[in-house]
Each structure stands twice: as structure tokens, then as C-alpha cells.
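Going down the list, the sequences are from chains A and B.
Per our numbering, the first sequence starts with residue 1, numbered consecutively.
Per our numbering, the second sequence starts with residue 638, numbered consecutively.
Each residue gets a CB set at the ideal place from its N, CA and C atoms; glycine is no exception.
Data block below; observations after.
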Amino acid sequence: MIETIVKLVQVAPTFKVTENGGVVHNYFEKNKEAESAVVVDCENPVGILMRNDFYKKIGRRFGYDLYMRRDISLIMKTDILCVDISCDMAKFGFITMNRSRDSIYDDIIVLDHEKYLGVVSISQYLIEMSKTKEHEIELLNNQQLILRQANEAEKLHSMAIEQKNTSIKNLMDNAGQGFLSFGSDLIVSEEHSKACDEIFGYSICKKSILEIFRGSVNEDIIHLMENTFENVFLEQDKKRNKIYLSILPQEILINNNYVKIEYKVIDNRSDKSVMLILTDVTANRALELKNLEEKNNVKLIIRAISCQTEINQAISDLRELFKTVVPNLLNSVIDKKKAIYSAYRMIHTMKGDISLNSLHHTSEQLHQLEDLLAEIVSLEDFKQVLNKISCDDLLREDMKIITEAIGSQYFEKQDTFTVSKKRLSEIQGEIKGILSGCDQEIILRLLDSLLYSNVKDIIANYNDYTREVAEGLGKIIGEFKITGDDVYINREKYIKFTKSLVHIFRNLVDHGIESPDERIGLGKPEYGEITCHIEKYEDKFSLNIADDGKGIDCNAIRKKALEKRLFTESEIDNLSREEILEIIFLDNFSTRNTVSMLSGRGVGLAAVRSELDDLGGTIKVDTQTGKYTSFELIVPV
Amino acid sequence: MARILIVDDSAVSRKKLRAVIQSAHHEIVGEACGGAEASKKYEELKPELVTMDITMPDIDGIAVLKKIIEGHPDAKVVMITALGKADKILEALNAGARNYITKPYEDDQIIRAINEALE
Chain A
1 MIETIVKLVQ VAPTFKVTEN GGVVHNYFEK NKEAESAVVV DCENPVGILM
51 RNDFYKKIGR RFGYDLYMRR DISLIMKTDI LCVDISCDMA KFGFITMNRS
101 RDSIYDDIIV LDHEKYLGVV SISQYLIEMS KTKEHEIELL NNQQLILRQA
151 NEAEKLHSMA IEQKNTSIKN LMDNAGQGFL SFGSDLIVSE EHSKACDEIF
201 GYSICKKSIL EIFRGSVNED IIHLMENTFE NVFLEQDKKR NKIYLSILPQ
251 EILINNNYVK IEYKVIDNRS DKSVMLILTD VTANRALELK NLEEKNNVKL
301 IIRAISCQTE INQAISDLRE LFKTVVPNLL NSVIDKKKAI YSAYRMIHTM
351 KGDISLNSLH HTSEQLHQLE DLLAEIVSLE DFKQVLNKIS CDDLLREDMK
401 IITEAIGSQY FEKQDTFTVS KKRLSEIQGE IKGILSGCDQ EIILRLLDSL
451 LYSNVKDIIA NYNDYTREVA EGLGKIIGEF KITGDDVYIN REKYIKFTKS
501 LVHIFRNLVD HGIESPDERI GLGKPEYGEI TCHIEKYEDK FSLNIADDGK
551 GIDCNAIRKK ALEKRLFTES EIDNLSREEI LEIIFLDNFS TRNTVSMLSG
601 RGVGLAAVRS ELDDLGGTIK VDTQTGKYTS FELIVPV
Chain B
638 MARILIVDDS AVSRKKLRAV IQSAHHEIVG EACGGAEASK KYEELKPELV
688 TMDITMPDID GIAVLKKIIE GHPDAKVVMI TALGKADKIL EALNAGARNY
738 ITKPYEDDQI IRAINEALE
């Protein structure tokens, strides 16, 4: 708001031009503080009388006589300055200061709409002006102080920001990750971490993000990036931005390094940018690949151990396919297109078979071959590619792995092969190092199964031996009848037990089975029969081995026990039938008087019981004279 | 719980989607095995969300999406497409699709995409 002179206006008396000097003198005498008097003519100011000037003139020689009784028009100053009340302070100052030197300090007459209102004293004006100035200066000083303080705060603030930026940059540079950002112009800003330049191999500062990626991805992806970023900068919704960015490639091969890329939208009200976080995952990738390779190799070895026939079949099928089947097909007269398609399908099927057999290197090469063949349309080109295929090359790596793990005889001998226990435990150790959890458990169990045998197979092994024993005694027995469940036991752990079974078979042949003549006379078949039945329970299995012979003579046992002084007569009398039958398992008991090659050493059945005791198992015998003897073995697993 | 329409030309895919979506406690109000049927069923059933296969023999899923969005700008459509078809996804998003799922998909990926689109 412009300040006017209104507050400086003082009331000054007016005197008509026709008044004499005496009147003015009286006025000045009476009003000591009055400095001026205005002279009017018909209410219009025409002159002014300043106290100093008035008395200067009166005080001159003849001045008193000259002016005191005459019109004041003679003594008044006529070069008056009139201003309107609306005049502002600045303009007022300008006007007054431009007056002639002798009137410069005269009061200024103020009019309101042409009519006299009062006067403004210059001294009052100056005082007022200096007051205003003083205030302004004070304000100015305050402002300057505030400014200075603000400046300092600003300096501190930018220092702090700079420090923060530096520490963030340090953090970014040392994180080893690439951080970069760009706005809607897609130009990478200066604030990016050192790792970015290392990843791309040059300074990416101020370059377009599309240009930076152009060397690493194809034009379609560049186009996709361009469109996606454009959408991100237009889109307000944060969730949708995330969806847009999720379309972009999450990993790119840059200068032979695998780089993981995360995209983030930085939205600061005023400016939006996209930040990319780049992480070199090449090392992780290599490790992953190495782990995968090792896992696959282990799988291959296990497959080789457990399915030798299948692996050899697959290998021979593969050789056959490339050597004859496919060439014959391609050389046949059928439709060329059909021939190519059939050959392609055969190779595809072969790949499936090869990979089922865990020959993963071969399978991978077949996969690449398939990719290559898929692009080919001409029969000649197709043949040319296939002519170059060497099955030895395809199989080399996988065969090498099998040979190294198992031995070169693997591919020569069919059906059976030998793996040393040491090698097996080495393989198990390797598996524990590579696989974990469920995978490890399954595969170790599979390998373990190599150490396990079916109880039926163990028993069948005694077939030949028992027959020989029988023949030696002039008896004939048929093939064991083995029935019941398949129970697998660790051969190593149960070896002593399974070996002790020989005593049972020997016992049955020696004591149970009658001679063929006897049997015929009894109306039994000439061939003695031994039956074995296995039943599986939760934590044990039962093995029943029985003959169809003459049974056990309890009186003979009694007699023998007394002879051997294993019991006193009164003790024997108190034993039940079952208890008497149990005597046959006692050490030093043998019902035969002579020690034959087979039985009679008093160790036979006792040895079986002893082995079963060690395993926590039991043995019982049941018999019926003339009909059978049956051993029931309970074996914990 | 939302009312959902499944659009896919593969019966196996529809079965899989149905099982997964129902396991997340949404209701399947209908299935369409082609683009033309999809438009019809959308008008008829007014589902809260549509899962839309992009590649279909009669009418392309994006064309169906555009038609639905034209009549119902607030329609929630989640696109389903094979991996590596980013350009198609972008086209669909620009046409107003709410989200997308890439095949082969994991169960939780389907549920997440649908729930995000429903939010």
C-alpha cells in the first residue's frame, strides 16, 4: 500500500491577503510552536508566511514600520508549493527537494479537491521519512540476517545431502550391484553405481537405457522395453506399474555374464523414475550348473548300477537308429516330407528313452540335434546333418562316467557286473554330499537295495547243497518249495544267520527225510519234500522250513539227554513235550552217536539258535511222528 | 470369494484352472472353450473376473478382451499365455487386462494373479 502524506498534514491558520503584518505577529507571538501561516485570497492559498522569514524581514531596518501596518501580501512568500492530499510520500519528497534553495524548508500547502486543507512541514516530513527508513533498514537488516541464516542452513543441508549421497554412492558402489535410474526420457542419470559401468563394460552415464541393452538382447526385447517403460511413465497406479515391469526379462546375458535385473518405480511426487538393480549371478549360475551336472551324474551311475540291461539296450538302440533305421527311412521312396517328419519323431522318441536312462549328456546333445533338425526343410540338408552324427561322440561323456565309476567291463558283460564295496560306499558318500532330504533318502535306499537280498533267493541257494547232502545219504529230495512274502535283508548283517541255516537243511535231510525205500513203504512219494514259507510282519519275518519226513522221536531225545547228562531223570520227567523238543537246540546235544560229516558234532541246531539269539529272534520246532518236522524261525528286521 | 469365468480352448487347462481356483475359495460360474462363447457367456453370467487364454482357435483372447472392455470398462480380465510372449502380454495390459499368468504355471502363481486382479 502506498503511503500518502495525510498523516503529516498540520492545521495552519489562514490570513487574508488584506490583513496586516501585526495580526500575523500577534498570532506567532501567541502560538510559539506555529511555524507558518497561510495567506489566502477568496479561500485560495496565494502565499505563505514562515515564522523565521517573517521576523527576519520585520527585524530589518524599517522592517517593523514597513510591514506591521501594511498588507501581508507585501511580506508573504509567493512561490508556494501546493500538493494534493493524495500525494504519496516518495513523490512529495521528490517535489519538495527540487524547490529553490531559499524556499526548500518552507511548509507545503496541502489541498483537498483544490481546497485548502493544511500544511506539511518539511522537518516533519524528514523526521517521518527517517523513521520509515529506520524501520525499513531494521526490516532489511532482519531480512538479511534471516537470509544469512537460511543460507548457512542451506549450506549445511546441502553438505548433509552431499554426505548422504556420497555414503549412498559408496554403499551402492561397494554392494557390487549395479544401480541405475532413468526418467521418462530413458536417459540414465549420473547417479549410478560403479558396478553398472563394469557390467556393461563402458560408462553408461547419460546414455539411453535402450542403447545400453541393445548389445545384449534382440530388437524385439528392446521394443518391448521401450513400450513397457512408456506405459510405466504414463501409468499412475503403482500396482499396474509392477505388473508392467514384471513382463521385462529378469535375467540377461551381458558380456558373457548372467545378470539378474530388478525393476523398481521411484515415484517422488514431482518426478518419477525407474530404477534398475543389476546383480551379476554368473557365479551362482556356474555353481547351479555344476550342482546339476553332479546330480545328473549320480543319477546316471545309479541307473547304470540298477538297470544295466536297459542302459545297454538304449545305447544299442541309439546306434541302430543312426546307423540303419533313419538312413533307411530317408533313402526310402516315401514322401520326403513324411520321411523327414518320421525321422524327426524317431529321434525325439530316442531322446526320451535316453533321458529315461539318465544318459543326460547324450540326451542334451540329442536335444540340440533336434533343435537343429527342426529348422531344416530339405531332405538333402537333413541327411547331411545326420551323416555327420557320430554315436560315439553322442555317448562319449556318459559312457566315460559309467566306466570311471563302475569299470569298463560294464558295457561288455551283460546282466551282471561287479562293483567293489569300497566304490559303492564312495558313491554313497558322494550322494550324501550332493543330494539332500528326500532325494538323498530315496537314492541311498535304492543303492542299499544292492546290498539286500530276498530271503527267498538266500534259501534257494541251499537247494543244490541240500540235494547233494541228500544224495550222499542215499536220499532224494525235490526242489525246495518256497512260498510267501518277499523280504529283503541286509546280506552283510544277516550273513551269519543265513549261513547257519545250513544246519536246518542238513538236519532235515539227515534226521527227517526217510530213504526212498522207506518212503515208498510208507506210501510216501519217493522224493522227500522241503517247503519254505516266509511271512512278512512289521518289524520281523517268519521263516518256516519243514520236511515231510518221519518226525522227531521224543523218547530218543529223552534218552540222549540223559546219556549226555544234560538233565537228571526227575528233571526230564517234569518236562513237557515242547520242552523236550527244545532240547535239540541245546549245545552239545546230538541224537546221533557217530559224528558224521554232516551232523553229530553237537553244534548244528544250537548254532542256528545262537545266531538268532544275537539277532533277537527265536526258533521253535514242531513235529508229528511219521508226518513232518517243521522249524519256525522268527527273525527281526 | 469371487465369481469367475474360465476361458481356455484346452480342456486340460480348464480342469487345472478350475481345481486351483476353487481351492482358493472362488466360484467358477462358467467355462468357455473359445472366443465367441466367451463373449456370450460374459454377457450372460456377468462374472467378477475372467481368466482368458490368449491363443484360441476361433477368436484370439486379446480380441475378446477388447470386446469385453469396450462394453464393460471395469471388467477384470486375467490373461493366460505361454512363457516368452511378453509382447502379447503388453498388448493385453494396454487393452485393459488386469494381470497375466504365464504357462506352464504354478498353483500359487494363478491364485496370486487372480487375487491381485480382484483387489
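Judged by pairs of C-beta atoms under 8 Å, the segment 297 to 307 of chain A does not touch the segment 332 to 348 of chain A, as fewer than three such pairs exist. Contact between the segment 556 to 575 of chain A and the segment 523 to 535 of chain A is absent: fewer than 3 CB-CB pairs across the two stretches fall below 8 Å.
With the rule of 3 Cβ pairs closer than 8 Å, the segment 644 to 656 of chain B does not count as touching the segment 620 to 627 of chain A.
Listed along the chain, the chain B residues whose CB falls inside 7 Å of the CB of Tyr244(A) are Leu730. Take the alpha-carbon of Glu128(A) and the one of Lys30(A): they are about 27 Å apart. Per DSSP, reduced to three states, the secondary structure at Phe322(A) is helical. Against chain B, the CB of Ile301(A) has no partner CB under 8 Å away; the residue lies outside that interface. Every beta strand (DSSP E) of 3 residues or more that sits fully in the segment 459 to 527 of chain A is shown, in chain order, as 481 to 484 and 488 to 490. Rounded to the nearest angstrom, the gap between the Cα atoms of Glu364(A) and Glu293(A) is 12 Å.
Around the Cβ of Asp744(B), a 10 Å sphere holds fewer than 16 other Cβ atoms; the residue is exposed. Against chain A, the beta carbon of Ile726(B) has neighbours under 7 Å at Ile247, listed in chain order.
Looking at Ile747(B), Leu654(B), Gly672(B) and Asn731(B), the one whose alpha-carbon comes closest to that of Leu224(A) is Asn731(B). Within the segment 613 to 624 of chain A, not one residue has a Cβ closer than 7 Å to any Cβ of chain B. Taking Thr403(A) as the centre and dropping the five residues before and after it, the same chain places the C-beta of Tyr410 and Phe411 closer than 8 Å to its C-beta, in chain order. Cys391(A) sits in a helix when the DSSP states are folded into three classes.
Taking a C-beta distance under 8 Å as the contact criterion, Cys205(A) and Gly178(A) do not qualify as a contact pair. Per the Cβ contact rule, the segment 114 to 128 of chain A is in contact with the segment 3 to 19 of chain A (3 or more Cβ pairs under 8 Å). When C-alpha distances from Gln313(A) are compared across Ile354(A), Val326(A), Asp53(A) and Ile495(A), the shortest belongs to Ile354(A). When CB distances to chain A are screened at a threshold of 7 Å, the residues of the segment 698 to 724 of chain B falling below it are Ala723 and Asp724, in chain order. Straight through space, the alpha carbons of Leu145(A) and Glu138(A) are spaced by roughly 10 Å.
Going by DSSP, Ser610(A) is part of the alpha helix (DSSP H) stretching over Gly604 to Leu615. DSSP, reduced to helix, strand and coil, places Ala34(A) outside both helices and strands of the structure shown, so it counts as coil.
Annotation: the continuous beta strand (DSSP E) that includes Arg640(B) extends over Arg640 to Val644.
In this structure Gly118(A) is buried. Its beta-carbon is surrounded by 16 or more other beta-carbon atoms within 10 angstroms. In the structure shown, the three-state DSSP call for Lys713(B) is coil.
When the five nearest sequence neighbours on each side are left out, the beta carbons in the same chain lying within less than 8 Å of the beta carbon of Ile434(A) are those of Asn291, Glu294, Lys295 and Val298, in order along the chain.
For His533(A), there is no enclosing alpha helix (DSSP H); the residue is part of the beta strand (DSSP E) that begins and ends at Ile530 to Lys536. Note on Thr166(A): under 16 other CB atoms within 10 angstroms of its CB, so exposed under the neighbour-count rule. Interface with chain B (8 Å Cβ-Cβ cutoff): Asp220(A) is included.
Between Tyr263(A) and Leu278(A), the CB-CB gap reaches or exceeds 8 Å.
Contacts with chain A at 8 Å (Cβ-Cβ) include Asn736(B).
For the set Leu366(A), Asp398(A), Asn231(A) and Lys400(A), the Cα lying nearest the Cα of Val385(A) is the one of Leu366(A). In its chain, beyond the 5 residues on either side, Ser676 have a beta carbon closer than 8 Å to the beta carbon of Lys704(B). At a cut-off of 8 Å between beta carbons, Asn227(A) contacts chain B.
Taking C-beta atoms under 8 Å as the contact rule, Asp695(B) and Gly672(B) qualify, at a distance of about 5 Å. Just measuring C-alpha positions, the residue of Asn454(A), Gln428(A), Glu526(A) and Glu430(A) sitting nearest Glu471(A) is Glu526(A).
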